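Notes for the one structure printed next.
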Amino acid sequence: MDLIRRKKSILNFKQLKEIGLRSSLINCDGPFLIQKSKNGKQILKSSDPFERNLFKKSQGIFGFRENVILRVKTTQGTSIESNILKGEFDSFKNMELLEREIRSLDFKVRKNSFDIAYFEIIHTHPTGCYLQRDDEYEVISLGGLSEADYMAANYLSEKYGYHFKLKAICPGEITYCSA
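Residue numbers (the numbering used here): 34 to 212.
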């Protein structure tokens, strides 16, 4: 395979859905797609305006920087979000900052006499779903939630006693969600 002639294109949600109809890599489930990974099922959806805006803020003059927002959902139906936390190109490794934001959101929720239903860790990924082509082959590269994402959510869940859902916003306006 000639690596110089190989072309790589970012897939959007509609293209991924079409591929899902012809492939066993992704399954269609109503308006969503399901991808199986070693960490379980991941739900793929078209990014909403909030997610697209957060992804846009990750793209700077000097390159991509992973952004994270924590959102707490209450049993009363309200949600409260943290400020944007900035990471490096491909990761957000500052667990101490995440924990500080969790405690701050927890305090805000309790101050309003609400109860926490769960937390969401919403973050941007520099890589997404790609289709690579050369003269003979087409290769699909699927992004998604990483093992490190799941490990962080499990650690925080054990430490704070709340459920942590994950969302990874990828190029092509695709968002991966933990099932």
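In this text, a Cβ means the ideal position worked out from N, Cα and C, and glycines have one as well. From a predicted model like this one, the values you see are computed outputs, not experimental measurements.
query: Beta-carbon proximity of Cys162 to Leu54, cut-off 7 Å; result: no
query: Residue nearest to Leu199 in terms of C-alpha spacing, selected from Ile149, Thr208, Tyr193, Asp81; result: Thr208
query: First and last residue of the uninterrupted alpha helix (DSSP H) at Phe147; result: Unbroken run through Phe147: none, as it is neither H nor E.
query: Cβ shell of Thr108 (< 8 Å), same chain only, five flanking positions each side left out; result: Phe147, Asp148, Ile149, Ala150
query: Separation of Glu191 from Ser79, as counted between CA atoms; result: 30 Å
query: With 16 other Cβ atoms within 10 Å as the buried cut-off, status of Thr111; result: exposed
query: Cβ distance (whole Å) where Leu138 is taken to contact Val105 below 8 Å; result: 5 Å
query: Residue of Glu134, Ile113, Lys50 minimising C-alpha distance to Asn145; result: Ile113
query: Ala201: first and last residue of the uninterrupted alpha helix (DSSP H) it sits in; result: Taken as a continuous stretch (DSSP letters only), Ala201 belongs to no alpha helix (DSSP H), being part of the beta strand (DSSP E) at 197-203.
query: CB contact flag (Asp103, Glu134, <7 Å); result: It is Leu, not Asp, that sits at residue 103 in the sequence shown. Taking 7 Å as the Cβ cut-off, Leu103 and Glu134 qualify as a contacting pair.
query: Nearest-angstrom Cα separation, counted from Cys61 out to Lys41; result: 24 Å
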